[in-house]
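Asker: Dropping a structure here in structure tokens format, bear with me for questions.
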Amino acid sequence: MQLEIDNLQDMIFEWIPYNQFYKVKKTGRNDIATIYSAIWKNGPLHYNYSKNELIRKSNKKITLKCLHNSRSTINEFINKDNIIFKTYGISQNPDTGNYIIVLQDKYYKEYGKSYCKQCIGKYTDIENKWCKPCQINYLKNNFKYWTSKNRKIDDFIQEIQLKINDWDDLIFEWIPYNQFNDINEIYKSSYFTIYSAIWEDGPLCYDNKMELKRVSEKKVTLKCLHYNIYNLQNIINKFLDKVNTYAGNSKIYGMSQNPYTKDYIMILQENYCTEYGQISNFKKIFMDWTNGNEQINDFIQKMQLKINSWNDTVFEWIPYSKFNDVKEIGESTVYSAIWKGGPLYYDHNSKKWIRKSDKNVILKCLITGEFLNVVKAYLADEDRIILKIYGISQNPETKEYIVVFHRNKMIYERYAKKLFTYWLYNLPTNEKVIDFIQQMQLKVNYHYDVVFEWVPYNQFNYIKEIRKGNFSSVYSAIWEDGLLYFDDNKKEWTRKSNTEVTLKYLYNSKNNINEFLDKVRTHLANIYNRNIQVYGVSQNPNTNDYIIILQSEYSRRYCEKCLKKYANIAYKWCKPCQISCLEKNFKNWTSSNKQIDNFIQKMQLNINNWNDTIIEWIPYSKFNDVKEISKIGRSSVYLATWKGGPLYYDYKNGNEWIRKSDKKVVLKYLKSKELEFLNVVKAYTTYKNGIILKVYGISRNKKDYIIVFQLIDIHERYVFYNLPTNEKVIDFIQQMQLKVNYHYDVVFEWIPYNQFNDIEEVGEGGFSTVYSAIWKDGPLYFDDNKMEWIRKINKKVALKCLHNSQNINEKFLNEAKEYSIDSLNILRIHGISQNPNTKNYIMVLQYAEGGDFNKWINRNYESFDWTNKIKVLNNIINGLKEIHQKRKVHHDLHTRNILFLFRSTSDIVEYTRISDMGLCGEVDNIDEEKIYGVMPYVAPEVLRGKLYTQAADIYSFGMVMYFIATGRQPFADRAHDELLALDICEEVRPKLNELEAPKFYIELMKRCWDSNPNNRPNAAEISDQLRFWKNVDFECAENYRKSNLSKRKPLIIHPQAVYTSRILNPYTKILSKNYNSNCSDCAIVD
């Protein structure tokens, strides 16, 4: 779990000792688990951005979820919780042995209102406190109490019951026939009979007490299906198919069977019965009319049988003789009329459908063979259409079919006065424009439709220019009368005065009407059904230019070129237009390599925002003042000035891409093939969340491909100023700073010595002296809120002054790079300084208040129990694992290079650090034959002169395990001389009492210090093994530790035992380099 964290804000999952909890109070319990509220003393880990480190939030309120009998089922226990809330970790009750999930306090607070008290799972419906799993369990447990006496039907009912999804879903049941009273026939056909009835017990309902209860004496509908009883299996299949169609829309309570006729019955809601009562009425009406066209008769009958509510319009066949005062209104196909009988409507008093006589209607004659399709189109969106349809008729003389509309003011004025003249005035003189407006207005069918108008120019006030182009200008304005809209309350069209609008003036449009109208159509096609509307057209009387009238939001949200919505409205950035611009430019450049061209084109087309960097092919000739600043392996780094400069989006002037000339950049040369090179570029351009290094593009000098980076602010400000005079150190610092790619990276600096105050010596080693000091300006860190690098002033740091370092060498500086590994388990390095008096160089490091392991354990010996020992061991191996994963070697792991940032055991988990990676030797030494270290911690093969390896680090870790288990230094009772070196090579190891540590611990320790490096486990293997260690496994060792605390005597260390790093060659001259796993050749060299 801990190794799965991806972000700084991720919660760190931990093992939390039970004694960390106090004020433990029980808040809920069931058969599965018990819930407690509690306070966690130390509290959870969280990342402190100001300190750039993990700290604890003490006395944290939390919830403990204890699953009963989980001791023997740990895997099931871990999977029990669905991690709805953030999980801090796992604990264990030492009395019951039950494991505990440690959750946010939010779980406790939300438990009462969000969590089911039966299963402790989250309610499926929190508002109604409905738990689907518990509901399903209830129904399952109830299966044994009922049966239809038919296995297939029982299975079907059970399946339907288990499909419930909501608290108010009907519970589908088998209902005995004797439950029904007052059975009355309502409707009968050859296939089925409909009855009304009273269900005595009634259906199951979820009540206000959040329980399933029955609603007795419930009115229901019984639908008996008539099938041939001689084929029972076929009957059941057909019946269940029919039931399935009802079950899908939740109208059905269940099933039953008439014991006398054996007919199966569906039990439906009461309103189903009412619907069939109305159908009976309509069936009687069907007998009273016919138009002689079977297709139209069927269509009308279908429409009538679709009614679902009392206020639905009843669609009818209306004989033409029922119309009086038929008058043409504007078009030869549209008439007004009086319908003598009038339409049907439902009278609530009489509970019957009656007619409203002498109703004004509109008759629309349709001369088309697709008559019914046109009618269906009108009816398709009946809920929102403003043209209500009463039915169909036919002129007996012309044989034309007629659609009969409700007559409202809108439709009457539209056809009677041709151009809605009650709101259209001062029409344009151009016939094409008039025809276009007429066409647009005749498309108004719905109350939400925008009425397209001709608006006189004098209707616009407060006209202000927004932007001007080569072909058009855009202005804002106030439309005095305002746009037309349909008032749903008044049921009429009215105007919204003083409407804010956008006016788009098209230059020279008076001379090209067709082009102007095409522009209007384009706007309508792109915008009409979106948030921005087109209100109409106008004309400037001074220039005679035509104007498109748009919603006010248009100028702010929509691109002038493509009419699509801006991807970024604030900066008026249109992604399609920008991509189109880049695509058009593809032909103007090439790298002469198809793979690289394709990659750059793909990257350009991936831009998503106005401030994205445009990756380009940059010819090498565009660079001036190219200067090499570092060389690492196959790559070299240069500073340069890019003459043309990168593209950036100028949102202030014209919303276009322009270049920022003479831009300082970093050139990284890579001596690699195209594919390998592109993989490196992809790595830089893919991980954008935390990355601060921008890639401008790719270039090439002769055979070498080049990545062109932005020279970011941190490099410009701190790479080139206050640098030392030593060229090697300058190059080293520049290389370190150019490794800063992410906001959480440590910025390595040259720090002038006069920046340090309160310098005090804290310890001396074989090759250095360590001081504490206050760094006045303090280190750089990236402020995520301000999005810039700032300093943390008066920071306490450690100064490691390196003896005789005036002539510092490249080997030592390269080894110092190991400190740049960013890890919670490795001590951070802030930079380098130099003492102006001694000229010795200084490593400026994170300060460890708790000191090294030797000092820390002397202060905390009594409280350093096995729980904390395991935590420290975990931290050390995780730090070592990170070093090894980066293919590095520590070289000098021992207890003085393990530091504690704080003094007590309460901060032990997150504040243990490894220090001194690769810095154990003389600074000016270039002799590869010299052996450095603390003899008991140095692997036998290294003592014999072999190179230091990761396996040698594991040997050192084995000795650290010994120190942690015993509290004693290995070989503290012996002189650290050539005899000890020889004994180490002859497999002599420090001894310990078997009661001091568990057997599995001792076995792992011995594997780590095995004489044969190939037999030692690697860091990842050790880390995996430590993860499974639990406190309960160390009970015996912990009891032994506690019982011997009072017997502990001051440690006596041999006067020639040395636990600081030093040169060991004087003690290894007698050892042979030859070595095998049995150490059989450990001969003394004469």
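Be aware that the sequence shown starts at 1, since it is given in UniProt numbering, and climbs by one per residue. Don't be surprised by glycine CBs; every beta carbon is placed ideally from N, CA and C.
1. Given a threshold of 16 other Cβ atoms within 10 Å of its Cβ, counted over all protein chains shown, does Tyr260 qualify as buried or as exposed?
2. Give the single residue among Asn624, Ile629, Asn598, Lys152 whose Cα lies nearest to the Cα of Glu616.
3. Please determine if the region 890 to 906 and the region 932 to 946 are in contact, where contact requires at least 3 C-beta pairs separated by less than 8 Å.
4. Given Glu760, which residues of its chain have a CB within under 7 Å of its CB, disregarding the five upstream and five downstream residues?
5. Taking three-plus beta-carbon pairs below 8 Å as touching, is the region 991 to 1003 in contact with the region 961 to 976?
6. Work out the CA separation of Ser661 and Ile618 for me, nearest whole Å.
7. Report yes if the C-beta distance between Lys364 and Gly342 is below 8 Å; otherwise report no.
8. Where does Glu760 fall in DSSP's three states?
9. Suppose you measure from the CA of Ala848 to the CA of Asp105; what does that come to, to the nearest Å?
10. Below 8 Å between beta carbons: does that hold for Gly831 and Glu749?
11. Determine the contact status of Lys432 and Ile338, defining contact as a CB-CB distance below 8 Å.
12. Which complete alpha helix (DSSP H) runs does the region 479 to 527 hold, if anything under 4 residues is left out?
13. Put residue 1089 into one of helix, strand or coil per three-state DSSP.
14. Between Ala1020 and Ser956, what straight-line distance do the alpha-carbon atoms span, to the nearest angstrom?
15. Is Pro44 closer than 8 Å to residue 1093 when the C-beta atoms are compared?
16. Give the straight-line distance between the Cα atoms of Gln539 and Tyr457, rounded to the nearest whole angstrom.
17. Measure the C-alpha to C-alpha separation of Lys376 and Ser256 and round it to an integer number of angstroms.
18. From the DSSP output, read off the bridge partner residues of Trp339.
19. Is Ala1057 helix, strand or coil by DSSP?
20. Would you mind sorting Gln737 into buried or exposed? The rule is 16 or more other CB atoms within 10 Å of its CB.
21. Decide if Gly292 is buried, meaning its Cβ has at least 16 other Cβ atoms within 10 Å, or exposed.
22. Please name the residue, chosen from Ala1037, Asn93, Met1, that lies closest to Thr34 on a Cα-to-Cα basis.
23. Does the Cβ-Cβ distance between Ile790 and Asp783 come in under 8 Å?
24. Report the option in Gly28, Ser37, Thr27, Ile12 whose CA atom is closest to the CA atom of Phe21.
25. Do you know offhand how far residue 1088's Cα is from Ile548's?
26. Is it right to say residue 1090 is buried, meaning 16 or more other beta carbons lie within 10 angstroms of its own, or is it exposed?
27. Against chain D, with Cβ distances strictly below 8 Å, would Glu453 count as a contact?
28. Report buried or exposed for Asn875, applying the criterion of at least 16 other Cβ atoms within 10 angstroms of its Cβ.
29. Take the Cβ of Arg887 as the centre, count every other Cβ of all protein chains shown within 10 Å, and call the residue buried at 16 or more, exposed below.
30. Using 8 Å as the cut-off, can you tell me whether the region 799 to 810 makes contact with the region 831 to 844, which would need three or more C-beta pairs spanning the two stretches below that distance?
31. Taking DSSP as the reference, what is the three-state secondary structure of Tyr651?
32. For Gly850, count the other beta carbons within 10 Å of its own beta carbon; 16 or more makes it buried, fewer makes it exposed. Which is it?
33. Determine the extent of the beta strand (DSSP E) in which Thr221 is found, giving its start and end residues.
34. So Phe460 and Tyr507 are in contact, right, with Cβ under 8 Å, and what is the actual spacing, rounded?
35. In this structure, does DSSP put Leu54 in helix, strand or coil?
36. How many Å lie between Ile183 and Trp199 at the Cα?
Answerer: Based on what the coordinates show:
1. The residue you call residue 260 lines up with position 260 of the sequence shown. Per the 10 Å Cβ criterion, exposed.
2. Translated into the one-based positions of the sequence shown, residue 616 becomes position 616. Considering only alpha carbons, the answer is Asn598.
3. yes
4. On the sequence shown, position 760 is the one that residue 760 refers to. Counting only residues of its own chain and dropping the five nearest sequence neighbours on each side, Glu760 has a CB closer than 7 Å to the CB of Tyr771, Ser772.
5. The answer is yes - the region 961 to 976 touches the region 991 to 1003, with three or more Cβ pairs under 8 Å.
6. Here residue 618 refers to the residue found at position 618 of the sequence shown. Here residue 661 refers to the residue found at position 661 of the sequence shown. Distance between the alpha carbons of Ile618 and Ser661 is about 13 Å.
7. Stepping through the sequence shown from its first residue, residue 364 is reached at position 364. Stepping through the sequence shown from its first residue, residue 342 is reached at position 342. No, the Cβ-Cβ distance between Lys364 and Gly342 is not below 8 Å.
8. To locate residue 760, count along the sequence shown from 1; it is residue 760. Reduced to three states, the DSSP call for Glu760 is strand.
9. Your numbering for residue 848 matches position 848 in the sequence shown. Your numbering for residue 105 matches position 105 in the sequence shown. Cα to Cα, Ala848 sits roughly 33 Å from Asp105.
10. Position 831 of the sequence shown, counted from the first residue, corresponds to residue 831. Position 749 of the sequence shown, counted from the first residue, corresponds to residue 749. Judged by their CB atoms, Gly831 and Glu749 are nearer to each other than the 8 Å cut-off.
11. As a first step, residue 432 is located in the sequence shown; it is residue number 432 there, counting from the start. As a first step, residue 338 is located in the sequence shown; it is residue number 338 there, counting from the start. Contact flag unset, no.
12. 513 to 527
13. Past the edges of the chain, shown from 1 to 1086, lies residue 1089, and the structure says nothing about it.
14. As a first step, residue 1020 is located in the sequence shown; it is residue number 1020 there, counting from the start. As a first step, residue 956 is located in the sequence shown; it is residue number 956 there, counting from the start. One C-alpha to the other measures close to 15 Å.
15. Given a span of 1 to 1086 for the chain in the structure shown, any question on residue 1093 remains unanswerable.
16. Taking the first residue of the sequence shown as position 1, residue 539 is located at position 539. Taking the first residue of the sequence shown as position 1, residue 457 is located at position 457. Approximately 6 Å, taken between the alpha carbons.
17. Here residue 376 is taken as the residue at index 376 of the sequence shown, counted from 1. Here residue 256 is taken as the residue at index 256 of the sequence shown, counted from 1. If I take the Cα positions, the gap works out to 40 Å.
18. Walking along the sequence shown from the start, residue 339 turns up at place 339. Partner(s): Phe323, Lys359.
19. One-based indexing of the sequence shown puts residue 1057 at position 1057. Note: Ala1057 maps to coil in three-state DSSP.
20. For the purposes of this step, residue 737 is identified with residue 737 of the sequence shown, where counting begins at 1. Its Cβ being crowded by 16 or more others within 10 Å, Gln737 is buried.
21. Working through the sequence shown from its first residue, we reach residue 292 at position 292. Of the other Cβ atoms in all chains shown, fewer than 16 fall within 10 Å of the Cβ of Gly292; this residue is therefore exposed.
22. The residue given as residue 34 occupies position 34 in the sequence shown. Measuring from the Cα of Thr34, the nearest candidate turns out to be Asn93.
23. For the purposes of this step, residue 790 is identified with residue 790 of the sequence shown, where counting begins at 1. For the purposes of this step, residue 783 is identified with residue 783 of the sequence shown, where counting begins at 1. Yes, the pair counts as a contact, with Cβ atoms nearer than the cut-off.
24. Locating residue 21 in the sequence shown gives position 21, counting from the first residue. Among Gly28, Ser37, Thr27, Ile12, the Cα nearest to that of Phe21 belongs to Ser37.
25. Any answer about residue 1088 is impossible in this case: the structure gives the chain only from 1 up to 1086.
26. With the chain running from 1 to 1086 in the structure shown, residue 1090 is simply not present.
27. The structure shown contains no chain D; it holds only a single protein chain.
28. One-based indexing of the sequence shown puts residue 875 at position 875. Buried.
29. Along the sequence shown, one-based indexing puts residue 887 at 887. Exposed, by the Cβ-count rule.
30. yes
31. As a first step, residue 651 is located in the sequence shown; it is residue number 651 there, counting from the start. DSSP places Tyr651 in coil when its eight states are reduced to three.
32. The count along the sequence shown starts at 1 and reaches residue 850 at position 850. So Gly850 ends up on the buried side.
33. Working through the sequence shown from its first residue, we reach residue 221 at position 221. Segment 218 to 225, the beta strand (DSSP E) holding Thr221.
34. Walking along the sequence shown from the start, residue 460 turns up at place 460. Walking along the sequence shown from the start, residue 507 turns up at place 507. Actually they are not in contact, since the Cβ atoms of Phe460 and Tyr507 sit about 18 Å apart, beyond 8 Å.
35. Position 54 of the sequence shown holds residue 54. Here Leu54 sits in strand by DSSP.
36. Reading the sequence shown from its first residue, position 183 is the one you call residue 183. Reading the sequence shown from its first residue, position 199 is the one you call residue 199. Approximately 10 Å between the Cα atoms of the pair.
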